[in-house]
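*Asks:* Here the protein sequences line up with chains A and B, keeping their order.
Here the numbering used here is used: position 94 in the first sequence is 94, and no number is missing along the way.
Add 1000 to a position in the second sequence, counting from 1, and you land on the number used in the numbering used here.
C-beta: ideal position from N, C-alpha, C; glycine also.
Quick one: the structure is below, questions incoming.
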Amino acid sequence: MSTTSYGKLIKEGLWSNNQALVALLGLCPLLAVTNTAINGLGLGIATTAVLVMSNATVSLIRNLVRPEVRLPVFVIVIASFVTAVELSMNAWFFDLYKVLGIFIPLIVTNCAIIGRAEAFASKSHLFPAIVDGLAMGLGFTCALVALGSMRELLGLGTLFSQADLMFGPIASDWTISLGDNFKGMLLAILPPGAFLGLGLMIALKNIIDSRLPKKKPAPATTSEGDLEAGTA
Amino acid sequence: MQFTTISSPHSDRPNSVSRTMLLVILALLPGAAAMIWYFGWGILINMLLASATAIVCEAISMRLRKRPILPVVGDFSAILTALLFAVAVPPLLPWWLTVIGIAFAILLVKQMYGGLGYNPFNPAMAAYVLLLVSYPVEMTSWLPPAMLNETPLTLLQSAMVIFTGTLPGGLSWDALTMATPLDSMFTQLDQSKMVSEIMMNPLWGDFGGRGWEWVGNWYLLGGLFLIYKRVISWHIPVSMLASLLVLAMLFHFLDQEAYPFGMFHIFTGGTILGAFFIATDPVSACTTKKGQLVYGASIGLMVFVIRTWGGYPDAVAFAVLLLNMAAPTIDYYTQPRTFGHGGTS
């Protein structure tokens, strides 16, 4: 584990192992709350906070917990942090809390969090676990915000409406509107829009992935092959 | 008597995709012409616009998939999708809705799943549902049939309305458009009116709305032609119409003033068009004969249920899409027994 490179962790979290677009974890909040960009951002930040804290805690107690009981322990850790986050949002972002509603407590059941606790944090040191939690959380947040923006633009013709729920009254005029004549596609706001939008985002990511590596890693892989052949 | 004995396969000529599609388009024409007659030039403009969009979308997706363009565009399946869509949507639908609908149908519903033969859903109906859910107001503003229309629009005026949204002088949307007969029937039933009271309106003919019932007849003729040419088999249309009719008559028998009579369901809305042209889509429907009976009967059931207790004006599109989803399962449970294998002993 000492060889863990933080750059790789961050790249995995944000792109190549993005929890929403590649691992397809946490789809319930992903699909349910992303009808506006701000909702997505709010839930994404809450999830990131829980992910960082739970990863850190799981990493700290990883030598104390017996493998037989690790899952209940992880769940208790995650549930404690979710409760903390929920109470904080209730206190400081009450309007956003009302909009997100049940989906904040439901962060407990977000498979991305327990997945990272099980797959990464329980096997690594504190600092890599925190970086991993942060990167995975940010990747999830980016996916939520992208999907939320897409659905909000198509469905309502606005972007960042109700930003004041999150950033206070100063943000009340941040809304970007496509004009009053824009007739929104209601379907984008409804659940099918979430599924279609997510599918299109995954398709887009796959297209980008298949176009990108053509230039760079092609020589890299051949050189690796040469090295392996040489050592063999 | 001398029987001709021919060994299998018994197909009398190569039944190519484009020939089948052309036959279906041909069978659609009488109904489509009747719709143009009763509902004006808007239908024709929608047909042309939808076909052009469909061809462009097919070309784009073939280009993206790096396949040859001409054979796919030349098989007429996209044009058939476009025509079915155009006769299902209101005559004065704004042009950008037609473009969005067809682009969705061809790019997402058809080509993204692998093109003709791989799409699990009927593209025309998926597009119709997309638009109906997204733009309910535009999608339910129908024109009155020709005999009730006091202000018929000329070709140029229809084009102006579709492409620019400007209505001819002195007219408003409310004066120009009305709900479909099916829509107005169930809206008024929801307001606790009686069937006989609703049917007093001059909108109604013998079975369904005036004009609509005749359009239905012409579609029926086209559908019978398709059965005669063996492009479709009788199983799906007959089981669909029969189950819808039986259910409707049963409920009508129980309460004559709360449930419209059986033929009403057959001759309003898209029932006949759906039964012969949409539910029989060979790609998304069931394949086995027994399965087709189950499939058609279930569509009839869903049409009745959604029309009677649902909130949307017509149910054929929803019913077909729902049963498209169930088609592989139905096929799985109705596989015919291979001769010499298994069996009921």
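#1: Exposed or buried, which one is Ile102(A) when buried takes at least 16 other CB atoms within 10 Å?
#2: What does the alpha-carbon distance come out to for the pair Ser54(A) and Val1109(B)?
#3: Output, in chain order, the set of chain C residues within a Cβ distance shorter than 7 Å of Tyr1259(B).
#4: In the structure shown, what three-state DSSP assignment does Thr158(A) receive?
#5: Residues of chain B with CB closer than 9 Å to the CB of Lys123(A), please, in chain order.
#6: If I measure Cβ to Cβ from Met185(A) and keep anything under 7 Å in the same chain, skipping five residues before and after, which residues do I get?
#7: With DSSP collapsed to three states, give me the class of Met1147(B).
#8: Count the C-beta pairs between the stretch 1166-1186 of chain B and the stretch 1142-1153 of chain B that are closer than 8 Å, then say yes if the count reaches three, no if not.
#9: 9 Å is my cut-off, CB to CB: does Gly197(A) come that close to chain B?
#10: For the alpha helix (DSSP H) that contains His1341(B), what are its first and last residues?
#11: Within its chain, find whatever has a CB closer than 7 Å to the CB of Phe195(A); leave out the 5 residues flanking it on each side and keep chain order.
#12: Within the continuous alpha helix (DSSP H) that includes Arg66(A), where are the two ends?
#13: Taking only the alpha-carbon atoms, compute the straight-line gap between Leu159(A) and Leu165(A) and give it to the nearest angstrom.
#14: Mind checking Ser5(A): buried by the 16 CB within 10 Å criterion, or exposed?
#15: By DSSP's criteria, Trp1204(B) is part of a beta bridge. Which residues make up the other side?
#16: Within 10 angstroms of its Cβ, does Leu147(A) collect 16 or more other Cβ (buried), or is it exposed?
#17: Could you compute how far the alpha carbon of Tyr97(A) sits from the alpha carbon of Asn90(A)?
#18: Which whole runs of the alpha helix (DSSP H) in the stretch 1033-1118 of chain B are 4 residues long or more, in chain order?
#19: Can you check which of these residues, Lys8(A), Val33(A) and Gly7(A), is closest to Thr141(A) by C-alpha distance?
#20: Within 10 Å of its beta-carbon, does Gly225(A) have 16 or more other beta-carbons around it, so buried, or fewer, so exposed?
#21: Keeping to the same chain, check which residues put their C-beta closer than 7 Å to that of Ser265(A); ignore five residues upstream and five downstream.
#22: What are the residues in the stretch 173-186 of chain A lying within 9 Å of chain B by C-beta distance?
#23: For the alpha helix (DSSP H) that Thr1166(B) lies in, which residues bound it at each end?
#24: Note down, in chain order, all residues in the stretch 141-162 of chain A with a beta-carbon under 7 Å from any beta-carbon belonging to chain B.
#25: Using DSSP bridges, identify the partner residues of Ser177(A).
#26: Do Pro1120(B) and Ile1106(B) have their CB atoms nearer than 9 Å?
#27: By the three-class DSSP mapping on this structure, what secondary structure does Trp1234(B) have?
#28: In its own chain, which residues sit with a C-beta less than 8 Å from the C-beta of Ala234(A), not counting the 5 before and 5 after it?
#29: What residue from Leu144(A), Leu190(A), Glu86(A) and Lys123(A) has the CA that sits closest to Val58(A)'s CA?
#30: Leaving out five residues on either side along the sequence, give the residues of the same chain with a beta carbon under 6 Å from the beta carbon of Ile1330(B).
#31: Hey, which unbroken runs of the alpha helix (DSSP H) at 4 residues or more fall wholly within the stretch 1286-1329 of chain B?
#32: Mind listing the chain B neighbours of Leu21(A)? Cutoff is C-beta to C-beta under 7 Å, in chain order.
#33: Taking DSSP as the reference, what is the three-state secondary structure of Met1178(B)?
#34: From Gly1310(B) to Val1303(B), what does the alpha carbon distance come to, in whole angstroms?
#35: Taking only beta-carbon positions, decide if Tyr1128(B) is within less than 9 Å of chain A.
#36: How would you write the range of the alpha helix (DSSP H) that Met1139(B) sits in, first residue to last?
*Replies:* In short:
#1: exposed
#2: 41 Å
#3: No chain C is part of this structure, whose protein chains are labelled A and B.
#4: strand
#5: Within chain B, no residue has its CB atom less than 9 Å from the CB of Lys123(A), the nearest being about 39 Å off.
#6: Leu154 and Gly155
#7: helix
#8: yes
#9: Any Cβ of chain B closer than 9 Å to the Cβ of Gly197(A) would place that residue at the interface, and such an atom is absent.
#10: Per DSSP, His1341(B) belongs to no alpha helix (DSSP H) and is neither H nor E.
#11: Leu31
#12: Looking at the DSSP string, Arg66(A) is not in any alpha helix (DSSP H), and its letter there is neither H nor E.
#13: 14 Å
#14: exposed
#15: The partner list for Trp1204(B) (beta bridge, DSSP) reads Gly1209(B).
#16: buried
#17: 6 Å
#18: 1042-1064, 1070-1073, 1077-1088 and 1095-1103
#19: Val33(A)
#20: The predicted position of Gly225(A) is uncertain, since its pLDDT is 38 and thus under 50; a value taken from the coordinates is nonetheless stated next. Gly225(A) comes out exposed.
#21: Past the edges of chain A, shown from 1 to 232, lies residue 265(A), and the structure says nothing about it.
#22: Lys183, Gly184, Met185 and Leu186
#23: Element bounds for Thr1166(B): n/a, residue is neither H nor E.
#24: none
#25: Thr158(A)
#26: No, Cβ-Cβ distance for Pro1120(B) and Ile1106(B) is not below 9 Å.
#27: Look at Trp1234(B) here: in three-state DSSP terms it is coil, with no helix or strand label.
#28: This structure cannot speak to residue 234(A), because chain A is shown only from 1 to 232.
#29: Nearest of Leu144(A), Leu190(A), Glu86(A) and Lys123(A) to Val58(A), Cα basis: Lys123(A).
#30: Residues of the same chain with a CB within less than 6 Å of the CB of Ile1330(B), apart from the 5 flanking positions on each side, are Cys1286, Gly1291, Val1294 and Tyr1295 in chain order.
#31: 1289-1309
#32: By Cβ distance, chain B contributes nothing, its closest Cβ being about 17 Å from Leu21(A), past 7 Å.
#33: strand
#34: 10 Å
#35: no
#36: Pro1136 to Met1139
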